[in-house]
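Student: Have a look at this one.
In the working numbering, the protein residues as written are 1 to 258.
Right, here's the structure in full:
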């Protein structure tokens, strides 16, 4: 669970880097982001052995090795990227951004047992659910960290933070649609009180709460108050973490992304 969560966060953060207006953000922000991803990828490497495939069986050695190679590539590129962004080599640093995104998607696929599971409807739906989750996690964390970066670069344009808040809201909206479909497909599996508790936490903290947070952040940024927006986004990070961990517990029991 830890490895999967870390990979989803890396994927989401790199996706947000690719979609945000990077030219309006100082290079130091991306240097810090690369170091965070370096740490997350190492954490994932250390815990990949705990993962299981789509059938619930321990991951086959060949796919585990492939996932470790892809995750190790993330760590290597993140380290190189941190150096490039320190030197303000933006074109090369941007290549690292998209390389991390591609490697993280590959690692997510391989860590489920190769590419064959994507061909089934259940596998395709799970992959879509993973991308939606990655977007929510990445939007919340990257937006919150960018908000804090304004303390060191107060003259920076607020357009990047507006874009990230909007992307965060869009990711939550996609997550909402995917979860509704998941409820239609597997909601009848919710039997005991524990499942319903996790389900409530997943929806209240992981979907409805972040949706409100993104709207609040966008409204606050109309008044150019980056500190208040950052505080709101920090609350969004906490809510999304609670919601996604609850969803992971539900998936481990029901095998349906809700």
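Using N, Cα and C, we set each Cβ at its ideal position, and we do this for glycine too.
These figures come from a predicted structure and were not determined experimentally.
Can the beta-carbon of residue 134 be found less than 8 Å from the beta-carbon of residue 90?
Tutor: Taking the chain shown and counting its residues from 1, the one referred to as residue 134 is at position 134. Taking the chain shown and counting its residues from 1, the one referred to as residue 90 is at position 90. Their beta carbons are not under 8 Å apart, which means residue 134 does not touch residue 90 by this criterion.
Student: Report the rounded CA-to-CA distance for residue 45 versus residue 36, giving the unit in angstroms.
Tutor: By one-based count along the chain shown, residue 45 stands at place 45. By one-based count along the chain shown, residue 36 stands at place 36. So the two alpha carbons sit approximately 14 Å from each other.
Student: Along the chain, where does the alpha helix (DSSP H) that runs through residue 244 open and close?
Tutor: Here residue 244 corresponds to residue number 244 of the chain shown, with the count starting at 1. Element bounds for residue 244: 226-254.
Student: Note down the Cα distance separating residue 154 from residue 226, rounded to an integer number of angstroms.
Tutor: Here the question's residue 154 lines up with position 154 in the chain shown. Here the question's residue 226 lines up with position 226 in the chain shown. When rounded, the distance between both Cα atoms is 9 Å.
Student: Quick check for students: name the residue ranges of the alpha helix (DSSP H) that lie wholly in the stretch 146-193, counting only runs of 4 or more.
Tutor: Counting whole runs of 4 or more residues, the stretch 146-193 contains the alpha helix (DSSP H) stretches 159-186.
Student: In the structure shown, what three-state DSSP assignment does residue 58 receive?
Tutor: To locate residue 58, count along the chain shown from 1; it is residue 58. Strand, per DSSP.
Student: Would the C-beta of residue 184 count as close to the ligand ADP, meaning under 7 Å from any of its heavy atoms?
Tutor: With respect to the ligand ADP, the structure shown offers nothing to examine, as it has no ligands at all.
Student: Run through the DSSP bridge pairs and tell me what residue 52 is partnered with.
Tutor: Locating residue 52 in the chain shown gives position 52, where the first residue counts as 1. Answer is 58, bridged to residue 52.
Student: State whether the stretch 124-143 contacts the stretch 91-102, with contact taken as three or more CB pairs (one from each stretch) at a distance under 8 Å.
Tutor: No, the stretch 124-143 does not touch the stretch 91-102.
Student: When you compare each of 239, 40, 83, 41 to residue 205 by their alpha carbons, which one comes out closest?
Tutor: Residue numbering aside, residue 205 sits at position 205 when the chain shown is read from its first letter. Out of 239, 40, 83, 41, 239 has the C-alpha closest to the C-alpha of residue 205.
Student: Per DSSP, what kind of secondary structure is residue 41 in: helix, strand or coil?
Tutor: Position 41 of the chain shown, counted from the start, is the residue given in the question as residue 41. Helix.
Student: Shortest alpha-carbon distance to residue 41 belongs to which of 173, 211, 108, 59?
Tutor: Counting from one through the chain shown, the residue named residue 41 turns up at place 41. When each option's Cα is compared against that of residue 41, the closest is 108.
Student: Output the distance between the C-alpha atoms of residue 244 and residue 221, rounded to the nearest integer angstrom.
Tutor: Residue numbering aside, residue 244 sits at position 244 when the chain shown is read from its first letter. Residue numbering aside, residue 221 sits at position 221 when the chain shown is read from its first letter. The straight-line gap from Cα to Cα measures roughly 26 Å.
Student: For residue 228 and residue 62, what's the separation of their Cα atoms in angstroms?
Tutor: The sequence position of residue 228 within the chain shown is 228, counting from 1. The sequence position of residue 62 within the chain shown is 62, counting from 1. Computed Cα separation, rounded: 48 Å.
Student: Here's the rule I'm using: 16 or more other beta-carbon atoms within 10 Å means buried, otherwise exposed. How should residue 189 be labelled?
Tutor: If you number the chain shown from 1, residue 189 lands on position 189. Exposed, by the Cβ-count rule.
Student: Relative to the alpha-carbon of residue 197, which residue among 158, 242, 115, 48 has its alpha-carbon at the smallest distance?
Tutor: In the chain shown, the residue the question calls residue 197 occupies position 197. The option with the nearest alpha carbon to residue 197 is 242.
Student: Is residue 70 closer than 8 Å to residue 106 when the C-beta atoms are compared?
Tutor: The residue labelled residue 106 in the question sits at position 106 within the chain shown. The residue labelled residue 70 in the question sits at position 70 within the chain shown. Their beta carbons are under 8 Å apart, which means residue 106 touches residue 70 by this criterion.
Student: I'd like the span of the alpha helix (DSSP H) that includes residue 216, first residue to last.
Tutor: Here residue 216 refers to the residue found at position 216 of the chain shown. Run containing residue 216: 209-221, per the alpha helix (DSSP H) assignment.
Student: Measuring only the C-alpha atoms, how far is residue 79 from residue 33?
Tutor: Taking the chain shown and counting its residues from 1, one reaches residue 79 at position 79. Taking the chain shown and counting its residues from 1, one reaches residue 33 at position 33. Approximately 10 Å, taken between the alpha carbons.
Student: Work out the CA separation of residue 113 and residue 59 for me, nearest whole Å.
Tutor: Against the chain shown, residue 59 aligns to sequence position 59. Against the chain shown, residue 113 aligns to sequence position 113. Straight-line Cα distance between these residues: approximately 6 Å.
Student: Kindly give me the distance between the Cβ atoms of residue 213 and residue 236, rounded to whole angstroms, as I take these residues to be in contact under 8 Å.
Tutor: The sequence position of residue 213 within the chain shown is 213, counting from 1. The sequence position of residue 236 within the chain shown is 236, counting from 1. Going by Cβ atoms, the distance from residue 213 to residue 236 rounds to 4 Å, so yes, they are a contact pair.
Student: Leaving aside the five residues before and after residue 176 along the sequence, list all residues of the same chain whose C-beta is less than 6 Å from its C-beta, in chain order.
Tutor: For the purposes of this step, residue 176 is identified with residue 176 of the chain shown, where counting begins at 1. Excluding sequence neighbours, residue 176 sits near 207.
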